[in-house]
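Engineer: Structure provided below as structure tokens; questions to follow.
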Amino acid sequence: MASVEPNGIPAFVPSGDQPVSVSRFMTFAEDPSGSLTVSEVASGRAVVFLPSLRTPPFRDAVYWARIRIDFRDYRPAVSHLLMEPHLIGRIEVFTPTGPDQWFSHALDSASASTPSTSNGLLLFKIPTPSVSGDGTTVYVRFQQRQHPLQTNMSWVSDTGAQQQTAKSNFWKGIFLGALITLVLYNVFLLATTGDRAYFLYVYYLVCFTVLMGIMTGVLGHLGSPLVFTLLNVGVIHGGMWFFRKFLQLDTHAPLTDRCLLWVQLISLALGALALAGGTRIAYPASMLLIPPALVAITIASVIRWRQGFAPARFSVFGLAVHLSVSSAYVMQKFLYGLPGEFVTIYWVIAAATWEALCFSFALAYRIRMAEASTRKLLGEQRQLLATQEEATKALQTEAARRAEADAVIRHQEERLQAAAKLASVGELASLISHEINQPLHSISMYADAAAHFAAEHRDTPPELRELLGHIAEQAARGGRVVKSVRNFVSRGQVVREAVVVDALLEGLLPLIQLQAKNCGATVDVSQEVPGLVVSCDRLMVELVLLNIARNGLQAMRANPVGAMRKLRIEVAPASETRAVFTIRDSGPGLPAEVLERLGHPLYNPFNSNRGKGMGLGLSLCRSVAEEHGGELHFRNVLDQDFKARGAEFSFELPVASVSQQPKQLTVESAALTVASSIRLGGRSEA
12 MASVEPNGIP
22 AFVPSGDQPV
32 SVSRFMTFAE
42 DPSGSLTVSE
52 VASGRAVVFL
62 PSLRTPPFRD
72 AVYWARIRID
82 FRDYRPAVSH
92 LLMEPHLIGR
102 IEVFTPTGPD
112 QWFSHALDSA
122 SASTPSTSNG
132 LLLFKIPTPS
142 VSGDGTTVYV
152 RFQQRQHPLQ
162 TNMSWVSDTG
172 AQQQTAKSNF
182 WKGIFLGALI
192 TLVLYNVFLL
202 ATTGDRAYFL
212 YVYYLVCFTV
222 LMGIMTGVLG
232 HLGSPLVFTL
242 LNVGVIHGGM
252 WFFRKFLQLD
262 THAPLTDRCL
272 LWVQLISLAL
282 GALALAGGTR
292 IAYPASMLLI
302 PPALVAITIA
312 SVIRWRQGFA
322 PARFSVFGLA
332 VHLSVSSAYV
342 MQKFLYGLPG
352 EFVTIYWVIA
362 AATWEALCFS
372 FALAYRIRMA
382 EASTRKLLGE
392 QRQLLATQEE
402 ATKALQTEAA
412 RRAEADAVIR
422 HQEERLQAAA
432 KLASVGELAS
442 LISHEINQPL
452 HSISMYADAA
462 AHFAAEHRDT
472 PPELRELLGH
482 IAEQAARGGR
492 VVKSVRNFVS
502 RGQVVREAVV
512 VDALLEGLLP
522 LIQLQAKNCG
532 ATVDVSQEVP
542 GLVVSCDRLM
552 VELVLLNIAR
562 NGLQAMRANP
572 VGAMRKLRIE
582 VAPASETRAV
592 FTIRDSGPGL
602 PAEVLERLGH
612 PLYNPFNSNR
622 GKGMGLGLSL
632 CRSVAEEHGG
642 ELHFRNVLDQ
652 DFKARGAEFS
662 FELPVASVSQ
672 QPKQLTVESA
682 ALTVASSIRL
692 GGRSEA
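Basically the working numbering = 1-based index in the sequence shown + 11.
Structure below.
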């Protein structure tokens with residue numbers, strides 16, 4: 012690989028097709044004036060070549076490199092000097108063609124249109140000497156332009172040049188393809204979610220991708236100190252801004268947030284300085300600001316990771332690799348801490364691509380965390396809604412139970428008031444019965460005496476004797492009615508007897524028809540089972556039927572002239588042991604507020620216009636129905652348009668057993684019984 016010339020200068024001996032670094036076979040000299048020719052340099056009188064040369068960064072300077080190549084054992088006709096991408100500067104390679112004759116290759120790396128530039132790899136053709144064994148000394152002139160001198164040069168044959176170019180193109184395609192894919196993917200996420208963090212990341216990623224494109228030579232025509240400065244500023248500013256938002260440093264690490272903010276402001280100041288013409292200061296300052304920026308972001312990510320922010324671990328992994336590789340590259344180029352061949356530009360690009368991938372993983376993980384948090388919140392919300400719904404149902408149930416309890420309490424209070432009222436009525440009935448029984452007894456005695464007197468005188472008309480008998484009979488019956496009402500009001504023993512429904516209705520029908528005739532109504536009686544026998548307190552049931560019928564007839568008085576006025580009484584078996592009595596009229600029906608209060612003690616809608624009555628009529632009717640083991644039901648009869656077309660009242664009575672003997676009730680006795688009954692609460696008690 013190497014031989015030593017008589018003058019002690021190592022000579023490079025090429026062999027094979029694989030690229031071999033020639034940096035350690037190079038000696039260097041500085042051209043302070045930058046005006047020396049290759050002949051002057053080759054003579055050795057103008058410059059002194061040294062094994063190494065430390066070039067000051069960020070200034071214009073000219074340097075020469077000398078390489079001794081021994082082609083004695085090399086057979087291919089053409090070979091190349093290959094140089095890694097050199098971003099800013101002019102390079103000339105001089106190869107001897109004769110005594111003091113030189114073949115020159117000049118490449119300006121700022122121009123990507125140079126034919127000899129292959130995607131950033133600089134290939135310099137070196138003619139192989141025609142005489143075997145003749146060595147060749149190659150001189151390279153470097154013109155530095157504000158960028159440190161890069162001397163990573165290799166020898167490569169035609170085959171090696173093709174392989175190296177293909178390898179370089181492959182890796183650059185991988186790196187740049189990955190970065191471009193990340194840009195497009197995050198632009199899509201930005202358009203989909205509208206998250207500000209994606210906008211900042213895309214801003215950072217675009218600047219970073221363009222910078223990598225210039226460094227690889229794909230966008231080499233953009234390479235200039237101003238463009239480099241602005242791209243560095245964009246990467247630093249976008250990175251600081253993105254991480255402040257992504258890591259939520261303003262809330263969880265305010266001190267670190269202020270540090271990143273200062274780095275962000277410094278980068279903006281450097282960008283403004285570069286635009287103002289201070290590129291000589293802004294460019295190196297922006298390059299040197301990258302390591303502190305990476306350190307600050309790494310510290311912030313570690314802090315947030317320790318605080319439990321899981322996505323920060325991805326940024327830590329990416330930053331750790333990028334920081335290590337970039338620091339090594341910067342120290343190698345600027346601070347001379349490492350050999351010139353230790354870290355290449357592709358290492359930096361690979362580390363940067365890895366960092367960008369880790370940032371994307373962090374953002375994706377944050378999205379997953381947000382979605383998981385959203386799903387958890389939605390689950391908790393559904394659970395809370397279910398709990399709230401259960402609580403609402405429980406409250407509604409409790410409210411309904413309390414309303415029902417309140418209704419029961421009100422009903423009991425009303426019944427208590429009714430009981431108190433009935434107790435007063437009972438006392439009054441006892442007093443009245445005591446006071447009435449004496450006159451009735453006297454009437455009965457006088458009637459009997461008059462009947463005996465009439466019997467002793469043959470000239471007494473028979474009609475008079477019959478009338479005196481009726482007077483005595485009805486006086487006795489009046490006493491029985493008073494006693495029955497008194498027993499009912501005082502909740503005494505209810506006397507039940509077997510009563511034939513046919514006889515019961517026949518006794519009431521004349522009185523009902525008489526009142527119906529007065530209001531222009533008709534009465535219709537329907538009995539499904541003729542001869543039906545019920546067990547009841549006959550007098551009280553007669554009062555109930557007559558009371559409800561009179562109320563219906565009175566209600567139909569409100570019908571317009573010519574409208575139908577019909578009262579229908581129906582009797583049908585409800586079961587084997589019960590019979591139902593139904594009284595239906597064709598009046599205007601009952602208003603809703605009346606339906607709610609109907610049957611309550613002291614409420615009398617039918618007599619409200621007269622202000623008469625105690626309001627106990629329907630209450631007594633209900634009490635009579637309950638005393639017989641049933642209830643008093645009432646409702647409105649609706650037509651096809653669901654409008655009220657009358658009211659319907661019904662109650663049930665027990666069917667008499669077969670062993671009970673029915674008592675026949677004549678029409679005349681029933682009429683006299685009802686006529687002599689007490690009218691509670693006025694003419695038409697409700």
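Ideal placement from N, C-alpha and C gives every residue a C-beta, glycine not left out.
#1: Using DSSP with H/G/I as helix, E/B as strand and the rest coil, what is Cys547?
#2: Using beta-carbon positions only, say whether Ala362 and Val313 come within less than 7 Å of one another.
#3: Thinking C-alpha only, which one of Phe645, Arg595 and Thr262 is nearest Val605?
#4: Return the CA-CA distance between Phe210 and Thr203, expressed in angstroms with no decimal places.
#5: Compare the C-alpha of Lys256 against each of Leu374, Leu631 and Gly289 and name the closest.
#6: In this structure, what does DSSP give as the bridge partners for Tyr740?
#7: Quick check: what's the CA-CA separation for Arg579 versus Ala527?
#8: Helix, strand or coil for Asp268, going by three-state DSSP, please let me know.
#9: Buried or exposed for Leu519, going by 16 or more other Cβ atoms inside 10 Å?
#10: Contact defined as beta carbons within less than 8 Å: I believe Thr106 pairs with Val149. What is the distance between those atoms, to the nearest angstrom?
#11: Measure the alpha-carbon distance for Ala514 versus Ala405 and round it to whole angstroms.
#12: Can you tell me where the beta strand (DSSP E) with Asp535 in it begins and where it stops?
#13: Return the Cβ separation of Asn243 and Ile191 in integer angstroms, given the expectation that the two are a contact with Cβ distance under 8 Å.
#14: Over the uninterrupted alpha helix (DSSP H) stretch that includes Val306, give me the two end residues.
#15: Can you name, in chain order, every residue of its own chain whose Cβ lies under 7 Å from the Cβ of Val359, other than the five neighbours on each side?
#16: Helix, strand or coil: which one does DSSP assign to Thr471?
#17: For Ser235, which of Val545, Asp268, Ala285 and Leu258 has the nearest alpha-carbon?
#18: Just mark Phe199 as buried or exposed, buried being the case when its beta carbon has 16 or more other beta carbons within 10 Å.
#19: Less than 7 Å between the C-beta atoms of Ala189 and Thr364, yes or no?
#20: Using a Cβ-Cβ cut-off of 6 Å (strictly less than) and excluding sequence neighbours within five positions of Met575, which residues of its own chain qualify?
#21: Considering Cα atoms alone, identify which of Pro571, Leu631, Ala585 and Leu556 is closest to Ile594.
#22: Under 7 Å between the Cβ atoms of Arg476 and Ala465?
#23: Return the bridge partner residues of Phe592 from the DSSP annotation.
#24: Val24 and Ile78: beta carbons closer than 7 Å?
#25: Can you tell me the Cβ-Cβ gap for Ala311 and Leu279, rounded? I've got them flagged as a contact below 8 Å.
#26: Alpha carbon to alpha carbon, how far is Phe254 from Gln394?
#27: I'd like the list of long-range same chain contacts for Ala532, defined as Cβ closer than 7 Å, with 5 residues on each side in sequence excluded.
#28: Quick check on Arg561: does DSSP put it in helix, strand or coil?
#29: Please list, in chain order, all residues of the same chain as Pro665 whose beta carbon is under 7 Å from its beta carbon, the five residues on each side excluded.
#30: Is the beta carbon of Cys218 less than 7 Å from the beta carbon of Gly249?
#31: Evaluate Trp273 with the Cβ neighbour count: other Cβ atoms within 10 Å of its Cβ, from every protein chain shown; 16 or more gives buried, anything less gives exposed.
#32: When we look at the beta-carbon of Gln675 and count the other beta-carbons within 10 Å, is it buried (16 or more) or exposed?
#33: Between Ala458 and the rest of its own chain, which residues show a CB-CB distance below 7 Å, the 5 nearest in sequence each way excluded?
#34: By Cβ distance below 7 Å, which residues in the same chain neighbour Asp42 in space, the five residues on each side in sequence not counted?
#35: For the candidate residues Ile308, Ile292, Glu642 and Pro303, whose alpha-carbon lies nearest to that of Thr267?
#36: Is Gly573 buried or exposed, if buried means 16 or more other CB atoms sit within 10 Å of its CB?
Structural biologist: A quick look at the data gives this:
#1: Within the sequence shown, residue 547 is the residue found at index 536, counting from 1. In the structure shown, Cys547 sits in a strand (DSSP, three-state: E or B).
#2: For the purposes of this step, residue 362 is identified with residue 351 of the sequence shown, where counting begins at 1. For the purposes of this step, residue 313 is identified with residue 302 of the sequence shown, where counting begins at 1. No, Cβ-Cβ distance for Ala362 and Val313 is not below 7 Å.
#3: One-based indexing of the sequence shown puts residue 605 at position 594. Residue Phe645 is the option with its Cα nearest to Val605.
#4: Residue numbering aside, residue 210 sits at position 199 when the sequence shown is read from its first letter. Residue numbering aside, residue 203 sits at position 192 when the sequence shown is read from its first letter. Cα to Cα, the separation comes out at about 11 Å.
#5: Translated into positions along the sequence shown, residue 256 becomes position 245. Taking only the C-alpha atoms, the option nearest Lys256 is Leu374.
#6: There is simply no residue 740 to check, as the chain begins at 12 and stops at 697 in what is shown.
#7: Numbered from its first residue, the sequence shown carries residue 579 at position 568. Numbered from its first residue, the sequence shown carries residue 527 at position 516. Roughly 11 Å separates the two Cα atoms.
#8: Position 257 of the sequence shown, counted from the first residue, corresponds to residue 268. The answer is helix: DSSP assigns Asp268 an H, G or I state.
#9: In the sequence shown, counting from the first residue as 1, residue 519 sits at position 508. Within a 10 Å sphere around the beta-carbon of Leu519 sit 16 or more other beta-carbons, which makes this residue buried.
#10: Numbered from its first residue, the sequence shown carries residue 106 at position 95. Numbered from its first residue, the sequence shown carries residue 149 at position 138. Sure, about 5 Å apart at Cβ, within 8 Å.
#11: Here residue 514 is taken as the residue at index 503 of the sequence shown, counted from 1. Here residue 405 is taken as the residue at index 394 of the sequence shown, counted from 1. Taking the straight line from one Cα to the other gives about 55 Å.
#12: Counting from 1 along the sequence shown, the entry for residue 535 is found at position 524. Where Asp535 is concerned, the enclosing beta strand (DSSP E) stretches over Thr533 to Gln538.
#13: On the sequence shown, position 232 is the one that residue 243 refers to. On the sequence shown, position 180 is the one that residue 191 refers to. The C-beta distance from Asn243 to Ile191 rounds to 20 Å, too long to fall under 8 Å, and the pair is not in contact.
#14: Counted from its first residue, the sequence shown places residue 306 at position 295. Per DSSP, Val306 belongs to the alpha helix (DSSP H) from Thr290 to Arg317.
#15: Counted from its first residue, the sequence shown places residue 359 at position 348. Contacts found: Val336, Ser337 and Tyr340.
#16: Position 460 of the sequence shown, counted from the first residue, corresponds to residue 471. Thr471: coil per DSSP, three-state reduction.
#17: Translated into the one-based positions of the sequence shown, residue 235 becomes position 224. Per the Cα distances, Ala285.
#18: Start at 1 with the first residue of the sequence shown, and residue 199 comes out as number 188. Label assigned to Phe199: exposed.
#19: As a position in the sequence shown, residue 189 is number 178, starting the count at 1. As a position in the sequence shown, residue 364 is number 353, starting the count at 1. Taking 7 Å as the Cβ cut-off, Ala189 and Thr364 qualify as a contacting pair.
#20: The count along the sequence shown starts at 1 and reaches residue 575 at position 564. Contacts found: Ser597.
#21: Within the sequence shown, the letter at position 583 stands for residue 594. The shortest Cα separation from Ile594 among Pro571, Leu631, Ala585 and Leu556 belongs to Leu556.
#22: One-based indexing of the sequence shown puts residue 476 at position 465. One-based indexing of the sequence shown puts residue 465 at position 454. Yes, these two residues count as a Cβ contact at 7 Å.
#23: Within the sequence shown, numbered from 1, the residue matching residue 592 stands at position 581. Its beta-bridge partners are Val582 and Phe662.
#24: Taking the sequence shown and counting its residues from 1, one reaches residue 24 at position 13. Taking the sequence shown and counting its residues from 1, one reaches residue 78 at position 67. The answer is no: Cβ separation not under 7 Å.
#25: The residue you call residue 311 lines up with position 300 of the sequence shown. The residue you call residue 279 lines up with position 268 of the sequence shown. Actually they do not touch by this definition, with Cβ atoms about 19 Å apart.
#26: In the sequence shown, counting from the first residue as 1, residue 254 sits at position 243. In the sequence shown, counting from the first residue as 1, residue 394 sits at position 383. So the alpha carbons of these two residues sit roughly 36 Å apart.
#27: Locating residue 532 in the sequence shown gives position 521, counting from the first residue. If we look at Ala532 and ignore the five residues flanking it on each side, its Cβ neighbours are Leu564, Met567, Arg576, Lys577 and Leu578.
#28: Taking the first residue of the sequence shown as position 1, residue 561 is located at position 550. Residue state, collapsed to three classes: helix.
#29: Your numbering for residue 665 matches position 654 in the sequence shown. Only Val545, Ser546, Thr588, Arg589, His639 and Gly640 meet the Cβ criterion.
#30: Translated into the one-based positions of the sequence shown, residue 218 becomes position 207. Translated into the one-based positions of the sequence shown, residue 249 becomes position 238. Result yes, Cβ atoms of Cys218 and Gly249 sit closer than 7 Å.
#31: In the sequence shown, residue 273 corresponds to position 262, counting from 1. Trp273 comes out exposed.
#32: On the sequence shown, position 664 is the one that residue 675 refers to. Here Gln675 scores only 47 on pLDDT, less than 50, and its place in the model is too uncertain to base an answer on.
#33: Numbered from 1 along the sequence shown, position 447 holds the residue referred to as residue 458. Only Leu479, Ile482, Ala483 and Ala486 meet the Cβ criterion.
#34: Your numbering for residue 42 matches position 31 in the sequence shown. Counting only Cβ-Cβ distances below 7 Å, and skipping sequence neighbours, we find Val58, Val73, Tyr74 and Trp75.
#35: The sequence position of residue 267 within the sequence shown is 256, counting from 1. Considering only alpha carbons, the answer is Ile308.
#36: The residue you call residue 573 lines up with position 562 of the sequence shown. It counts as exposed.
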